[in-house]
Ligand SMILES: Cc1ncc(C[n+]2csc(CCOP(=O)(O)OP(=O)(O)O)c2C)c(N)n1
Ligand SMILES: [Mg+2]
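Protein chains in written order, with the numbering used here: chain F, 1 to 581; chain S, 1001 to 1283.
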């Protein structure tokens, strides 16, 4: 069982509400879900869609065929009629669209009339549509009723009742009139799954890591983190401040961290460009900060609401001077959750800036998982506080040590003063000009720390055949689609060859990117493969360049997509097949 | 009780005769008189001659970037409002490079004390015009004189309803000491613009020039009257008023932010057991 539902319409018509609600119903019922969104940079009008895939097996990307299309505008029918699968059906409201369509695949459902008749309000047309989809699939309604109860609890009984009646009306209409509906829903494999998207997972990772301060300036696709943190501010004691600009955002974050709390900021490429001097400040003053950087297509304002992976080189090389930094690029919301935690831990332990590099696709895609495991969350307070600080005979903020890591004290907790400087400084933190101190500081701040941080980096994930002939390589948000491509291109009964001969296809996925993990194992896999293909959502192959820079390995084959849209499974498989020949 | 000995710092690298010396000396006197210990406050400074200030005494110090004293100070205050935070900046630093932050720090009314060492010139980069340079000033970079109108920090502060705005003069140290103390005691954002002669690069606004013009704001002046304050703020030229130009009782940001109203953020521990509830929101 593997169905895709697409909801298309203008901005402001509520396609997100229908999509979110359906996804929630499916995940709570125990189905695996993958959603992805495509929207324009406008509040009203234009054309957007929300795509949901559901299955009784784990899934991790979108497909190119649709089984149910909910068309809230004419554009949706025009654009997606040809995406309908063999059994695919589109539903629409001819009175709302002012157009009647002929054909077996197009079912006219009077969303608005049913809403008025049963819900007593035209506003419930989308609720009717939601019910209709469930009617077409033949799914039970009780979970949707629960969700409606939750959402509208504050609005009172009448609203709840209206919505429930509207759902039923849509459901009954579709059950009765969709004579061509031939969907067969299997029992779900799981009880109920968690549904979470990339930005929520980053936010959840941050609060699970004891993040106490978040400052940002709104910018898609990072605004979801700002929203999440604000929503959690009260319950979790987090100060969230909307800064006057990104320069202020990162400097506030650095100030809060200097004062002794875990602090984070988030932005997208354009805003990050403004933060760059502050990044260097964090490097020089050895102030731990976590920066969530959500990529969207550039240059300049680019495609504000779309996706790309073109800021890898930017994040690795930007900022003046040399200092260590950590870059993680999670491939799934689950990875985003755990890697955000790891970023906080390493940032504070080594007193460096750490990045969560994501993109619009990961930000807005919701996935289902079992439960995140909080016992895997690491929380160590590496700061020198209270009595431990008081009891020291003397204190130097930037003291030379074997590891390069100096004690990070909380100013005000003891009589010792904490001094740091963006100028080159001595162990105490005061300005210096001499060459000797400079050399020792560079060794301390940079050269001693980098090998230690590199030891913390995990190897890329190898998925598929264990001695593959074909290796597809990627990083960040392409994880899901590459994984499904491997599944589709693998021989039906998996490891034919475990421990034995070479053959088959595998994926190498990098989510811990910098300092680049030490290489022998994956390099061996690449060198032994007949063909290795680097797959990236950018034009120039930035990861391929990084691989060459770090290991000398040169990709002969690359698949690059730079239309501002994510990879779709069938298209990617087609491109991989073209390379394999 | 703290004494001046507690405040010995590095050897200043300022030019002989620099207006920063009396400010440094007066600042130390003021904090000693207020009974402040070096670990009880943090100076956040920018880059410029003024930015070197905290190295020449002893206290918690964040000497950050050019123009960025206020956002760093804001972060510190939001994380720990038991800590007194003083921002020290040059006129270029704070009215030029960091101008946007000034507008918003005043709006927030976050309890930061901003001391601007206003020498009406870029000292560290050798004599270019600053936002407060006077229009007739010629420099290597402004050979035709400064063409933009001089920024008036006091008028700006009054216009933005800044909760404490004062001007003082490095050549009048007893006045300066009072202003520093008043500012530190004030609960809210406070801007003290300190006229500070630059003996090397500013040949117009010299000690003599200021001495002829500055006068103490008359007793009986009501700094809480915003309209009068605006008039006072506009005075510049033959007569330059020093003293508290404007003040009000707007509650500070820290008092209005519910999360930290009762307890500084830094004192609020992290409770891992509450995370499970956040996780539940997703299933
Ligand atoms: C981003 C940035 N731009 C420029 C500079 C160079 N710079 C250092 S101090 C300064 C101006 C100094 O003037 P002011 O702030 O008035 O301080 P003063 O030296 O007069 O005390 C400039 C332009 C810098 N350090 N950083
Ligand atoms: Mg100056």
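Ideal placement from N, C-alpha and C gives every residue a C-beta, glycine not left out. Being a predicted model, the structure only gives us computed values, none of them experimental.
Within 7 Å of chain F by C-beta, residues of the region 1057 to 1088 of chain S in sequence order: Residues passing the 7 Å Cβ filter: 1058, 1059, 1060, 1061, 1062, 1063, 1064, 1065, 1068, 1071, 1072, 1073, 1074, 1075, 1076, 1078, 1079, 1080, 1082, 1083.
Near ligand 2: residue 1205/S beta-carbon under 6 Å from a heavy atom: Result no, Cβ not under 6 Å from ligand 2.
Secondary structure, beta strand (DSSP E): runs of 3+ residues fully inside the region 100 to 172 of chain F: Whole beta strand (DSSP E) segments, 3+ residues: 106 to 108.
Of the listed residues 1254/S, 1122/S, 1083/S, 1275/S, nearest to residue 1203/S (C-alpha basis): Ranking 1254/S, 1122/S, 1083/S, 1275/S by CA distance to the CA of residue 1203/S puts 1122/S first.
Chain F within 7 Å of residue 1095/S, Cβ atoms only: Using beta-carbon distances, residue 1095/S does not count as an interface residue toward chain F, since no partner is under 7 Å.
Whether residue 1028/S touches residue 1007/S by CB criterion (7 Å): Their beta carbons are under 7 Å apart, which means residue 1028/S touches residue 1007/S by this criterion.
Pair within 7 Å by beta-carbon distance, residue 7/F and residue 34/F: No, Cβ-Cβ distance for residue 7/F and residue 34/F is not below 7 Å.
Residue from 1115/S, 1110/S, 1111/S whose Cα sits closest to the Cα of residue 1095/S: Comparing Cα-Cα distances from residue 1095/S to each of 1115/S, 1110/S, 1111/S, the minimum goes to 1115/S.
Buried/exposed call for residue 491/F, threshold 16 Cβ in 10 Å: Classification for residue 491/F: exposed.
Residue 130/F versus residue 161/F - alpha carbon distance: Going from the Cα of residue 130/F to the Cα of residue 161/F covers about 15 Å.
Between the CA atoms of residue 205/F and residue 341/F - distance to the nearest angstrom: One alpha carbon belongs to residue 341/F, the other to residue 205/F, and they sit about 5 Å apart.
Residue span of the beta strand (DSSP E) that contains residue 197/F, given as start and end: Looking at the DSSP string, the run of the beta strand (DSSP E) that includes residue 197/F is 194 to 197.
Assigned exposure category for residue 1001/S - 16 Cβ within 10 Å defines buried: Exposed, since its Cβ has fewer than 16 Cβ neighbours within 10 Å.
Ligand 2 heavy atom lying under 6 Å from the CB of residue 1183/S: Residue 1183/S: no, Cβ never under 6 Å from ligand 2.
Residue 353/F, DSSP secondary structure in three states: In the displayed model, residue 353/F falls within a strand according to three-state DSSP.
Inter-residue spacing [alpha-carbon to alpha-carbon] between residue 1149/S and residue 1135/S: Spanning the two alpha carbons is a distance of roughly 6 Å.
Selected residue, minimal CA-CA separation from residue 945/S, among 256/F, 296/F, 209/F: Residue coverage of chain S in this structure runs from 1001 to 1283, which leaves residue 945/S outside it and unanswerable.
Bridge partner(s) assigned by DSSP for residue 516/F: DSSP lists no partner for residue 516/F.
Under 9 Å from the C-beta of residue 1052/S: neighbouring residues of chain F: Per Cβ cutoff of 9 Å: 423, 431.
Bridge-paired residues (DSSP) for residue 1016/S: None; residue 1016/S has no bridge partner.
From 406/F, 327/F, 397/F, 369/F, residue whose alpha carbon lies closest to that of residue 349/F: The residue with the shortest Cα to Cα distance from residue 349/F is 406/F.
Against chain S: residues of the region 445 to 462 of chain F by CB proximity under 7 Å: The residues in question: there are none.
7 Å Cβ cutoff, residue 387/F in contact with chain S: False, the Cβ-Cβ gap to chain S never drops below 7 Å.
Inter-residue CB distance, residue 45/F and residue 10/F (contact presumed, cutoff 8 Å): Distance from residue 45/F to residue 10/F at the Cβ level is roughly 5 Å; contact confirmed, criterion being Cβ atoms closer than 8 Å.
Ligand 1 heavy atom lying under 6 Å from the CB of residue 1023/S: For ligand 1, not one heavy atom lies less than 6 Å from the Cβ of residue 1023/S.
Test: residue 358/F CB closer than 7 Å to a CB of chain S: Interface annotation, residue 358/F: not in contact with chain S, CB-CB separation never under 7 Å.
Beta-carbon contacts of residue 437/F that lie in its chain and below 6 Å, excluding the five residues immediately before and after: Excluding residues up to 5 positions away in sequence, 426 lie with their Cβ nearer than 6 Å to the Cβ of residue 437/F in the same chain.
Reference residue 563/F, options 275/F, 303/F, 214/F, closest by Cα: Among 275/F, 303/F, 214/F, the Cα nearest to that of residue 563/F is on 303/F.
Residue 428/F versus residue 32/F - alpha carbon distance: Approximately 55 Å, taken between the alpha carbons.
Residue-chain proximity (residue 1173/S, chain F), Cβ-Cβ < 7 Å: Not closer than 7 Å to any Cβ of chain F, the Cβ of residue 1173/S fails to qualify, so no.
Cβ-heavy atom distance, residue 1020/S to ligand 2, below 6 Å: Taking 6 Å as the cut-off, one finds no heavy atom of ligand 2 near enough to the beta carbon of residue 1020/S.
Span of the beta strand (DSSP E) around residue 11/F: Per DSSP, residue 11/F belongs to the beta strand (DSSP E) from 2 to 11.
Cα-Cα separation, residue 263/F to residue 1032/S: Each residue's alpha carbon lies about 33 Å from the other.
7 Å Cβ cutoff, residue 251/F in contact with chain S: Yes, contact with chain S.
Sequence-distant residues of its chain with Cβ nearer than 7 Å to residue 400/F (five each side left out): Correct list, in chain order: 427, 440, 444.
Beta-carbon spacing of residue 261/F, residue 212/F below 7 Å: Yes; because the gap between Cβ atoms is below 7 Å, this pair is in contact.
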